[in-house]
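Numbering (our numbering), first residue to last: 5 to 234.
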């Protein structure tokens, strides 16, 4: 963050963004026409500039790692994953940041607080990081970076200086639970889901209609039947 503040003070952010976007475009937009490539580059520079403005207003932090590969094993289940970004706060604890480029980003608390939580990528990452290095995670941030909106959503134990990130003690979805208790609840739920997956548990059950929004196997679920008929 100090480097970002210095670059802003010296008016270097614009040129640095232009250089980075041009490099990315040369690597990934090879099939685009010149006109479309120009438009995409302009959009990317604008969106990234807005995100950097948001980052500059955060309470003090430092980027510790980007695209960190991790591995998690439970029984026969082995998962390889990559964390977009890990920040370090002044107190030495970590914040996990996951970038999202979709047009909208709903608050994750309703999903994370369910008895069988969904969209548990960040809570899962927190458990993996704690197991791998003993790191203490103080916050989870979904970074929405899109032309329509640049924002942050998430949950944290301390104020991060990000408007969309809720303090755990203020969350109506985890009322009465401390941050360590929330983390432990996530861990137990994720381990239970992993055990079910490894055991082949796959009942024909959908708890909410929205849970099937991006389901690739929807035509095969026979949702009009119950388990006895299926």
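Ideal Cβ placement from N, Cα and C applies to all residues, glycine included.
Which residue or residues does DSSP assign as beta-bridge partners of residue i?
{"i": "residue 149", "result": "154"}
{"i": "residue 84", "result": "75"}
How far does the alpha helix (DSSP H) with residue i in it extend, from its first residue to its last?
{"i": "residue 94", "result": "Residue 94 -> no alpha helix (DSSP H), and no H or E assigned at all."}
{"i": "residue 188", "result": "183 to 202"}
{"i": "residue 23", "result": "17 to 32"}
{"i": "residue 166", "result": "It is not in any alpha helix (DSSP H) - residue 166 carries neither H nor E in the DSSP assignment."}
{"i": "residue 222", "result": "That residue, residue 222, is in no alpha helix (DSSP H); it is neither H nor E in DSSP."}
{"i": "residue 10", "result": "6 to 13"}
{"i": "residue 46", "result": "38 to 60"}
Would a C-beta distance cut-off of 9 Å place residue i and residue j closer than the cut-off?
{"i": "residue 130", "j": "residue 89", "result": "no"}
{"i": "residue 8", "j": "residue 165", "result": "no"}
{"i": "residue 161", "j": "residue 183", "result": "yes"}
{"i": "residue 210", "j": "residue 153", "result": "no"}
{"i": "residue 194", "j": "residue 124", "result": "yes"}
{"i": "residue 126", "j": "residue 112", "result": "yes"}
{"i": "residue 66", "j": "residue 12", "result": "no"}
{"i": "residue 74", "j": "residue 133", "result": "yes"}
{"i": "residue 177", "j": "residue 117", "result": "yes"}
{"i": "residue 33", "j": "residue 41", "result": "yes"}
{"i": "residue 76", "j": "residue 6", "result": "no"}
So residue i packs on residue j, CB below 8 Å; how close in whole Å?
{"i": "residue 142", "j": "residue 86", "result": "Actually they are not in contact, since the Cβ atoms of residue 142 and residue 86 sit about 21 Å apart, beyond 8 Å."}
{"i": "residue 101", "j": "residue 91", "result": "6 Å"}
{"i": "residue 58", "j": "residue 156", "result": "7 Å"}
{"i": "residue 83", "j": "residue 201", "result": "Contact doesn't hold; Cβ gap of about 10 Å is too wide."}
{"i": "residue 21", "j": "residue 49", "result": "5 Å"}
{"i": "residue 17", "j": "residue 56", "result": "6 Å"}
{"i": "residue 68", "j": "residue 103", "result": "Not a contact, Cβ separation roughly 16 Å."}
{"i": "residue 169", "j": "residue 205", "result": "Between residue 205 and residue 169 the Cβ distance is about 34 Å, and since that is not below 8 Å, they are no contact."}
{"i": "residue 14", "j": "residue 29", "result": "That belief does not hold up - the Cβ atoms of residue 14 and residue 29 are roughly 25 Å apart, past 8 Å."}
{"i": "residue 122", "j": "residue 199", "result": "Not quite, the Cβ-Cβ distance comes to about 17 Å (not below 8 Å), so this is no contact."}
{"i": "residue 159", "j": "residue 175", "result": "6 Å"}
Taking residue i as part of the beta strand (DSSP E), name the residues at either end of that continuous run.
{"i": "residue 66", "result": "65 to 78"}
{"i": "residue 171", "result": "169 to 171"}
Which one of the options has the shortest CA to CA distance from residue i?
{"i": "residue 149", "options": "30, 105, 174", "result": "105"}
{"i": "residue 120", "options": "212, 36, 217", "result": "212"}
{"i": "residue 208", "options": "52, 220, 224", "result": "224"}
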